[in-house]
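First up is the structure itself, then whatever we jot down about it.
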């Protein structure tokens, strides 16, 4: 159902902290025009937990307005299952194509609680669900046995695999075949995951460099690994910025430089300054200076 490149888009703010609908529409359109297969809104990159439910639906509506026939997924990530169910229902009402669901944000659920929460949110939204498994950031691991239990529920169609263990992709595919679409959620493991069979890439630095992200995916799927690897090796220092406590500030700063956007964030996050900002600015400028040419036949893949 969800194969290809799905950027986890950033949420844009005006100087007064309110949502910047126009800049979001422009940024989201850049992703789609570059060949991305859909959008995922209000995740960690989209600062979802820092937004009210009403604001999250606003962001969703902006994405839906520019996405046309391409799917837009709402990230559901709240402290309580009750709140997650409420957001899932609101997203379904607004026209989301699906949900990307984080089992628990604050309390670290056990296996029984994780499965029950995912099932409750899926039932509330009555939409296809991508399970977001990220044991590092959220300390809740959606394990093989949980996927086995959830396989009997048709709402669950995909998994964003962010365990940071590249073996997981093969293990899921070996165990479940094509039951779940497996999308890698770790930017600097994307080439590795795609080459062992991942169906897609939930991408972060794609927000600033969508054409390169799409090129890597298309070339891998066409079996043109050497060409994909040249781009990936160039991209790797930037992709490393996705694996950080400061991933939101990192990627928004890259967007500000490479995509003519801005790096406004919502507190408690604060935009980079000083040495950290200078390091990222230097990295982006070096990357732009050495940006590889993309194959001319990508549009045919």
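Residue numbers (the working numbering): 6 to 306. We put the beta carbon where it would ideally sit given N, CA and C, even for glycine.
Rounded to the nearest angstrom, how far is the Cβ of residue i from that of residue j, given a contact under 8 angstroms?
i	j	result
residue 231	residue 193	That pair is no contact at about 19 angstroms.
residue 50	residue 253	6 angstroms
residue 99	residue 58	No, residue 99 and residue 58 are not in contact; Cβ-Cβ is about 11 angstroms, not under 8 angstroms.
residue 209	residue 256	5 angstroms
residue 123	residue 152	Not a contact, Cβ separation roughly 10 angstroms.
residue 28	residue 266	6 angstroms
residue 317	residue 197	Any answer about residue 317 is impossible in this case: the structure gives the chain only from 6 up to 306.
Is the beta carbon of residue i less than 7 angstroms from the beta carbon of residue j?
i	j	result
residue 78	residue 105	yes
residue 203	residue 174	yes
residue 89	residue 126	yes
residue 39	residue 216	yes
residue 285	residue 244	no
residue 218	residue 46	no
residue 53	residue 95	no
residue 110	residue 93	no
residue 44	residue 68	yes
What separation, rounded to the nearest whole angstrom, lies between the Cα atoms of residue i and residue j?
i	j	result
residue 80	residue 228	32 angstroms
residue 70	residue 86	28 angstroms
residue 234	residue 302	17 angstroms
residue 118	residue 195	30 angstroms
residue 292	residue 199	23 angstroms
residue 97	residue 130	6 angstroms
residue 205	residue 298	23 angstroms
residue 75	residue 112	34 angstroms
residue 177	residue 101	26 angstroms
residue 147	residue 163	12 angstroms
residue 214	residue 158	36 angstroms
residue 114	residue 261	37 angstroms
residue 7	residue 183	12 angstroms
residue 22	residue 263	22 angstroms
residue 225	residue 145	30 angstroms
residue 239	residue 295	8 angstroms
residue 135	residue 161	6 angstroms
residue 242	residue 26	30 angstroms
residue 181	residue 290	43 angstroms
residue 271	residue 300	38 angstroms
residue 201	residue 20	43 angstroms
residue 137	residue 66	22 angstroms
residue 42	residue 223	11 angstroms
residue 132	residue 107	15 angstroms
residue 278	residue 250	15 angstroms
residue 62	residue 48	13 angstroms
residue 120	residue 275	35 angstroms
residue 179	residue 273	42 angstroms
residue 5	residue 288	Summary: the structure shown does not reach residue 5, with the chain confined to residues 6 through 306, and so no result is reported for it.
residue 306	residue 237	18 angstroms
residue 24	residue 211	21 angstroms
residue 60	residue 150	35 angstroms
residue 304	residue 103	27 angstroms
Who pairs with residue i in a beta bridge, going by DSSP?
i	result
residue 208	12
residue 137	165
residue 18	24
residue 45	13 and 78
residue 186	163
residue 105	80 and 135
residue 111	Paired residues: none, contrary to the question.
residue 145	139
Is there a Cβ from chain D that is less than 7 angstroms from the Cβ of residue i?
i	result
residue 304	Chain labels in this structure do not include chain D; a single protein chain is all it has.
Touching by the beta-carbon criterion (3+ pairs, under 8 angstroms), the stretch 8-24 and the stretch 32-41: yes
Contact the stretch 136-148 vs the stretch 162-169: 3+ CB pairs below 8 angstroms: yes
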